[in-house]
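K.L.:
Quick note: the sequence shown uses my numbering, first residue 67, plus one each step.
For each residue, glycine too, the CB sits at the ideal point set by N, CA and C.
This one's a predicted model, so the numbers in the text were calculated from it and none came from an experiment.
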Amino acid sequence: MSGPLEGVRLLEWASFINGAGAGYMLGDLGAEVVKIEEPGKGDPSRGSVQLWDRQMLLPGGLNLVFETFNRNKRGITLNLKEEKARDILQRLVARSDVFYTNYREELRRRVGLDYQSLCKHNPKIVYVVASGYGPKGEEVDKRAFDVLIQARSGLMMACGDRDSTEPYEIVGAVVDQAAATMTAYAILVGLIGRDRFGVGQEIQVSMLGAAIHLQALNVQTALWRERQQPRHSRTRSGNAFTNHYRCADGKWIELSDMQYDRFWDNVRQTLELPEDEVERMFSTPEKRRENNKEFIKLLDTVFARKTRDEWIKILKEKATFGYDVINDVAAAANDPQVLANKYVTDFHHPVLGDVKVPGVPFSLSKMEAGPRAKAPEVGEHTEEVLLEVGYSWEEITQFKDKGVI
Numbered sequence: 067m068s069g070p071l072e073g074v075r076l077l078e079w080a081s082f083i084n085g086a087g088a089g090y091m092l093g094d095l096g097a098e099v100v101k102i103e104e105p106g107k108g109d110p111s112r113g114s115v116q117l118w119d120r121q122m123l124l125p126g127g128l129n130l131v132f133e134t135f136n137r138n139k140r141g142i143t144l145n146l147k148e149e150k151a152r153d154i155l156q157r158l159v160a161r162s163d164v165f166y167t168n169y170r171e172e173l174r175r176r177v178g179l180d181y182q183s184l185c186k187h188n189p190k191i192v193y194v195v196a197s198g199y200g201p202k203g204e205e206v207d208k209r210a211f212d213v214l215i216q217a218r219s220g221l222m223m224a225c226g227d228r229d230s231t232e233p234y235e236i237v238g239a240v241v242d243q244a245a246a247t248m249t250a251y252a253i254l255v256g257l258i259g260r261d262r263f264g265v266g267q268e269i270q271v272s273m274l275g276a277a278i279h280l281q282a283l284n285v286q287t288a289l290w291r292e293r294q295q296p297r298h299s300r301t302r303s304g305n306a307f308t309n310h311y312r313c314a315d316g317k318w319i320e321l322s323d324m325q326y327d328r329f330w331d332n333v334r335q336t337l338e339l340p341e342d343e344v345e346r347m348f349s350t351p352e353k354r355r356e357n358n359k360e361f362i363k364l365l366d367t368v369f370a371r372k373t374r375d376e377w378i379k380i381l382k383e384k385a386t387f388g389y390d391v392i393n394d395v396a397a398a399a400n401d402p403q404v405l406a407n408k409y410v411t412d413f414h415h416p417v418l419g420d421v422k423v424p425g426v427p428f429s430l431s432k433m434e435a436g437p438r439a440k441a442p443e444v445g446e447h448t449e450e451v452l453l454e455v456g457y458s459w460e461e462i463t464q465f466k467d468k469g470v471i
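(1) What are the partner residues of Y269, as DSSP defines its beta bridges?
(2) If we ignore side chains and look at the alpha-carbon of each, how far apart do R293 and T287 end up?
(3) Does Q281 pass the burial test, meaning 16 or more other C-beta atoms within 10 Å, or should it be called exposed?
(4) Could you pull the DSSP bridge partners for W318 from this structure?
(5) Where are the beta strand (DSSP E) runs, 3 residues long or more, that stay fully inside the region 67-150, in chain order?
(6) Our contact map puts R228 next to R157 with C-beta atoms below 8 angstroms; I'd like the distance itself, whole angstroms only.
(7) In the DSSP assignment, what are the bridge partners of Y166?
(8) In whole angstroms, give me the CA-to-CA distance for S472 and A224.
(9) Leaving out the 5 sequence neighbours to the left and right, which residues in its chain are closer than 6 angstroms to F369 when beta-carbon positions are compared?
(10) Going by DSSP, name the residue or residues bridged to Y421.
(11) Among Y166, L128, L179 and L92, which one has its Cα closest to the Cα of E149?
(12) Please report whether the beta-carbon of G87 lies at a distance below 8 angstroms from any beta-carbon of chain C.
(13) Among the residues of its own chain, which have a CB less than 7 angstroms from the CB of L92, if the five just before and after it don't count?
(14) Suppose you measure from the CA of T463 to the CA of V455; what does that come to, to the nearest Å?
(15) Would you mind reading off the limits of the beta strand (DSSP E) that contains Y389?
(16) Report the three-state DSSP secondary structure of H279 (helix, strand or coil).
(17) State whether the region 315-322 contacts the region 390-409, with contact taken as three or more CB pairs (one from each stretch) at a distance under 8 angstroms.
(18) First and last residue of the alpha helix (DSSP H) that includes N332?
(19) Just to confirm the assignment, what range does the alpha helix (DSSP H) spanning L365 have?
(20) Using the Cα positions of V177 and L146, report the straight-line distance between them to the nearest angstrom.
(21) Taking the straight line between their C-alpha atoms, what separation do you get for R209 and Y169?
(22) Can you give me the Cβ contacts of L130 inside the same chain, cut-off strictly under 6 angstroms, excluding the 5 residues immediately before and after it?
(23) How is the alpha helix (DSSP H) around I462 delimited, first residue to last?
(24) Tell me where the alpha helix (DSSP H) around F263 begins and ends.
(25) Excluding sequence positions up to five away, which residues of its chain have a Cβ less than 8 angstroms from the Cβ of G266?
(26) If the criterion is Cβ atoms closer than 8 angstroms, does the pair A306 and F361 meet it?
(27) What did DSSP end up calling D323 once you bin it into helix, strand or coil?
(28) Measuring alpha carbon to alpha carbon, tell me which of P424, L337 and L274 ends up nearest R371.
(29) Mind reading off the beta-carbon distance from V444 to T143? Whole number of angstroms is fine, and I expect it under 8 angstroms.
(30) Please confirm whether G127 and K101 have their CB atoms less than 8 angstroms apart.
(31) Since L179 is in the alpha helix (DSSP H), which residue starts that stretch and which ends it?
(32) Taking C-alpha atoms, which residue in M273, L364, Q295 and T386 lies nearest to S322?
(33) With distances taken from CA atoms, which of Q403, G304, T367 and Q243 is nearest K274?
(34) What's the gap between the Cα of R120 and the Cα of Q403?
(35) CB G425 to CB T411, shorter than 8 angstroms?
Below, the structure written as structure tokens:
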């Protein structure tokens, strides 16, 4: 089966996660993605040695960050300081549907890769820029990284415990990933607009915009209620049934039900709550709200009586309210439900062998979606791509000799 984006051609001149992430996502759906890198250097993420105290180097000289965000792509090298290299790129643009980048406007203009220059060679090109802080304002060229946007967007102060005033960093480049997803979204919007109305255009995406969008409810609350949502507090949660509880083996369970009063009889029976205490302090919705802190303490005691596996067995059999295990990322990556839906999927890597990788977060009934190829070596497909766009072996040899590719 073919992917829904088969035949769509993307040119990627981008680096790191925010820049490169959209390409692997669209490649999973069948798009042809050609990644442009500098000869002898490549995407700087190839050199990421350590992130959050974890080694990123893999066997065979590979890099975990680069492999994650650059699968499905063909890689070419162009020395864009050379006019001939820019001529090659213009020929590639003429046959492509999309050009996307996360390099600053000043650099794009200097090497003739700004929108106004490239649309002369392909008026219908969808040109997407993934920046840090957006295309307007005084900080358009400010350096941006995931953690900086977590800080600026308010995300750091939305996470963590209410009893702490310290910022709370989420590891794993979540803003980078959100921004890459927004870039993929923008590319698809541009393609639909072109196909419906016959025009290409420049589209600007930013990490800051993605982080604000990610927090839509928090942002809307702050704007309309004139105060922001407080951080969560486990011991002072406004709803004892939107909270987490430690079991006898030290593992955690999360409860979540905004209207658990509807299921109160089921709660009492499933959790075997002590009847005398329930009758005295928790028998009505009003009493439960009034004695919410005490209810949390009672649930702490209740869940501490059994291991998590024991509780999950009971909850599966009896509970009509919402619950789930609290996984760490390693457990989530091997969760049977995750694997059943191929949110983590099998992939054969020619160097690493049979491995598991993050998959596509949705399924298609009549088309194929998923990882198709490993990330490219620096310039691995340069000759192949140049031959496809009409260059001869003699010309390619000259390009090599002159440092163009």
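P.N.:
Taking the definition as stated:
(1) Taking the first residue of the sequence shown as position 1, residue 269 is located at position 203. Here residue 269 is Ile; the residue named in the question, Tyr, does not match the sequence. Paired residues: V194.
(2) Numbered from its first residue, the sequence shown carries residue 293 at position 227. Numbered from its first residue, the sequence shown carries residue 287 at position 221. Each residue's Cα considered, the two are about 7 angstroms apart.
(3) Taking the sequence shown and counting its residues from 1, the one referred to as residue 281 is at position 215. It is buried - the Cβ of Q281 has at least 16 other Cβ atoms within 10 Å.
(4) Within the sequence shown, residue 318 is the residue found at index 252, counting from 1. For W318, which the question treats as bridged, DSSP gives the partners R312.
(5) 75-79, 98-103 and 139-143
(6) As a working note, residue 228 is residue 162 in the sequence shown. As a working note, residue 157 is residue 91 in the sequence shown. 58 angstroms between Cβ atoms; not a contact.
(7) By one-based count along the sequence shown, residue 166 stands at place 100. Beta-bridge pairing links Y166 to E78 and V194.
(8) Since the first and last residues shown for the chain are 67 and 471, residue 472 lies out of range.
(9) Residue mapping note: residue 369 aligns to position 303 of the sequence shown, counting from 1. Y311 and C313, listed in sequence order.
(10) Here residue 421 refers to the residue found at position 355 of the sequence shown. With the sequence shown as reference, residue 421 is identified as Val, and Tyr is not the correct amino acid for it. In the DSSP output, where bridge partners are listed per residue, V421 has F413.
(11) Taking the first residue of the sequence shown as position 1, residue 149 is located at position 83. Comparing Cα-Cα distances from E149 to each of Y166, L128, L179 and L92, the minimum goes to L179.
(12) In summary, chain C is missing from the structure at hand, where a single protein chain is found.
(13) Residue numbering aside, residue 92 sits at position 26 when the sequence shown is read from its first letter. Same-chain partners within the cutoff: L71, L76, V99, A250 and I253.
(14) Counted from its first residue, the sequence shown places residue 463 at position 397. Counted from its first residue, the sequence shown places residue 455 at position 389. Each residue's Cα considered, the two are about 15 angstroms apart.
(15) In the sequence shown, residue 389 corresponds to position 323, counting from 1. Start and end: Y389 to V391.
(16) Position 213 of the sequence shown, counted from the first residue, corresponds to residue 279. Three-state result, H279: helix.
(17) yes
(18) Locating residue 332 in the sequence shown gives position 266, counting from the first residue. First-last of the alpha helix (DSSP H) with N332: W330 to L337.
(19) Taking the sequence shown and counting its residues from 1, the one referred to as residue 365 is at position 299. From DSSP, the alpha helix (DSSP H) with L365 extends over N358 to F369.
(20) Position 111 of the sequence shown, counting from 1, holds the residue named residue 177. Position 80 of the sequence shown, counting from 1, holds the residue named residue 146. Distance between the alpha carbons of V177 and L146 is about 7 angstroms.
(21) Counting from one through the sequence shown, the residue named residue 209 turns up at place 143. Counting from one through the sequence shown, the residue named residue 169 turns up at place 103. One C-alpha to the other measures close to 11 angstroms.
(22) One-based indexing of the sequence shown puts residue 130 at position 64. The answer, listed in chain order, is M122 and L124.
(23) Along the sequence shown, one-based indexing puts residue 462 at 396. Here the alpha helix (DSSP H) through I462 covers W459 to D467.
(24) For this step, residue 263 is matched to residue 197 along the sequence shown. It spans V240 to F263 - the alpha helix (DSSP H) in which F263 sits, taken as one unbroken run.
(25) Position 200 of the sequence shown, counting from 1, holds the residue named residue 266. Closer than 8 angstroms at Cβ, skipping near neighbours: C185, N188, P189, K190, I191, V192, Y193, G256 and R260.
(26) Taking the first residue of the sequence shown as position 1, residue 306 is located at position 240. Taking the first residue of the sequence shown as position 1, residue 361 is located at position 295. Going by C-beta atoms, A306 is nearer than 8 angstroms to F361.
(27) For this step, residue 323 is matched to residue 257 along the sequence shown. In the structure shown, D323 sits in coil (DSSP, three-state: anything other than H, G, I, E or B).
(28) Here residue 371 is taken as the residue at index 305 of the sequence shown, counted from 1. Checking every option, the nearest Cα to that of R371 belongs to L337.
(29) Translated into positions along the sequence shown, residue 444 becomes position 378. Translated into positions along the sequence shown, residue 143 becomes position 77. 6 angstroms between Cβ atoms; contact.
(30) Indexing the sequence shown from 1 puts residue 127 at position 61. Indexing the sequence shown from 1 puts residue 101 at position 35. Contact: no.
(31) If you number the sequence shown from 1, residue 179 lands on position 113. Note, L179: premise wrong, no alpha helix (DSSP H); not H, not E.
(32) Your numbering for residue 322 matches position 256 in the sequence shown. The candidate whose alpha carbon is nearest that of S322 is T386.
(33) As a first step, residue 274 must be located in the sequence shown, where it is residue number 208. The amino acid occupying residue 274 in the given sequence is Leu; Lys does not appear at that position. Out of Q403, G304, T367 and Q243, Q243 has the C-alpha closest to the C-alpha of L274.
(34) In the sequence shown, counting from the first residue as 1, residue 120 sits at position 54. In the sequence shown, counting from the first residue as 1, residue 403 sits at position 337. Those two C-alpha atoms are separated by around 27 angstroms.
(35) Position 359 of the sequence shown, counting from 1, holds the residue named residue 425. Position 345 of the sequence shown, counting from 1, holds the residue named residue 411. Contact: yes.
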